[in-house]
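Visitor:
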Amino acid sequence: MAATGWALRGAPNARDLGGLAGHGGRRIRAGLLLRAPALGRLTDEDLAVLARLKPACVLDLRDASETVVAPPDRLPGRPRMVHLPVHDPAHPVFTYVSAVLLGHDLDAYAGLVLDGTPAAMAAIYRWFVADPAARAGFAAAVRLATDPGNLPLLYHCTAGKDRTGWLTAILLAALGVAPAAIRADYLRSNEATESLREVLLRKMAERRPGLDIEAARAVLEVRPEYLDAAYAEVQRRYGDLAGYLTDGLGLTGTELAALRANLLE
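At position 215 of the sequence shown (counting the first as 1) the number is 214 in my numbering, and the numbers step up by one without a gap.
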């Protein structure tokens, strides 16, 4: 179990990956890898929590098309800000999630339903692995954590569950965390966002009486089959996660060793 020890009211899916067991039973150091959703709705109390955590670097995986319509991140101090967009402009999933969370019109909904919403989500996870630009973004994100000057590293996308979830899976795999523990952390996003998700679904149903709520739910949740779609693409292209890290992301043995030295007790 990861020992969080803190929470952010305005970003309920935020958590610390510290405490998970990695290579040789060495645990991830608390307070160094912090995953979150977008930080534009943090309360003053949340800012006080982050001030204690003192993130040195804040990584934003959103595209400019997402950030321009969202409230700017609220952060204490002056951490290094890095933008590494992982975004497929031809696919409506990211646009739809952003629209839902920001209360905007759901223009991408029809396209998602036409695709079959769970299938559309699985396609995005395969794209995480298959697309060269996506791989470059995730590789650059991992490399940030190989530099002690970027730690603690706080990273996020919009909802903090898909791009953030896959980046977390990559980092944890590189640190030697067991697959079951990686999956458990991934699925924690559902529990962390349950109240917010149900409120959003009720509001959506009120605004659009004909809305397929279960199709909408599929976009607001994480599901095992989404993660499995990424893993299947990894196996198809690279054989296993070790091959994906080195051949897909281009991470060197030196970089992986630095990651473990920085983050494992």
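The beta carbon of each residue, even a glycine, is placed where N, CA and C say it ideally should be.
Measure the alpha-carbon distance for residue 252 versus residue 30 and round it to whole angstroms.
Guide: Those two C-alpha atoms are separated by around 25 Å.
Visitor: Could you tell me the boundaries of the alpha helix (DSSP H) in which residue 57 lies?
Guide: Per DSSP, residue 57 belongs to no alpha helix (DSSP H); it is in the beta strand (DSSP E), 56-59.
Visitor: Would you kindly work out how many angstroms separate the C-alpha atoms of residue 0 and residue 75, rounded to a whole number?
Guide: With a pLDDT of 40 at residue 0, under the threshold of 50, the predicted position of this residue should be treated as unreliable, though the coordinate-derived value follows. The alpha-carbon atoms of residue 0 and residue 75 are separated by roughly 28 Å.
Visitor: Can you give the Cα-Cα distance for residue 52 and residue 264, rounded to whole angstroms?
Guide: Answer to the nearest angstrom: the Cα atoms are 18 Å apart.
Visitor: According to DSSP, simplified to helix, strand and coil, what is residue 34?
Guide: Three-state result, residue 34: strand.
Visitor: Got a sec? Which residues, its chain only, sit under 6 Å from residue 161 by beta carbon, not counting five neighbours each side?
Guide: So the list is empty, once near-sequence residues are dropped.
Visitor: Which residues in the same chain as residue 226 place their Cβ atom closer than 6 Å to its Cβ, once the five residues preceding and following it in sequence are excluded?
Guide: Cβ neighbours of residue 226 beyond the five flanking positions: 185.
Visitor: Mind checking who residue 14 pairs with in its DSSP beta bridge?
Guide: Partner(s): 34.
Visitor: Is it buried or exposed, residue 11, if we count other Cβ atoms within 10 angstroms and call 16 or more buried?
Guide: By the 10 Å Cβ count, residue 11 comes out buried.
Visitor: Might you give, ordered along the chain, the residues of its own chain that have their beta carbon closer than 8 Å to the beta carbon of residue 224, omitting 5 neighbours on each side?
Guide: These residues qualify, in order along the chain: 117, 121.
Visitor: Can you tell me whether residue 241 is buried or exposed, with buried defined as 16 or more other CB within 10 angstroms of its CB?
Guide: Exposed, by the Cβ-count rule.
Visitor: Report the partner residues of residue 89 according to the DSSP bridge assignment.
Guide: BP columns for residue 89 are empty, so no partner.
Visitor: For residue 81, which three-state DSSP category applies?
Guide: Strand, per DSSP.
Visitor: Do you know offhand how far residue 196's Cα is from residue 9's?
Guide: Roughly 14 Å separates the two Cα atoms.
Visitor: Considering only C-alpha positions, which residue in the set 111, 68, 218 is nearest to residue 91?
Guide: With distances taken between Cα atoms, residue 91 lies closest to 111.
Visitor: List the endpoints of the continuous beta strand (DSSP E) containing residue 152.
Guide: Element bounds for residue 152: 152-155.
Visitor: Could you check which residue in 115, 202, 134 has the C-alpha nearest to that of residue 236?
Guide: Comparing Cα positions, the closest option is 134.
Visitor: Rounded to whole angstroms, what is the Cα-Cα separation between residue 173 and residue 103?
Guide: Their backbone Cα atoms lie some 37 Å apart in a straight line.
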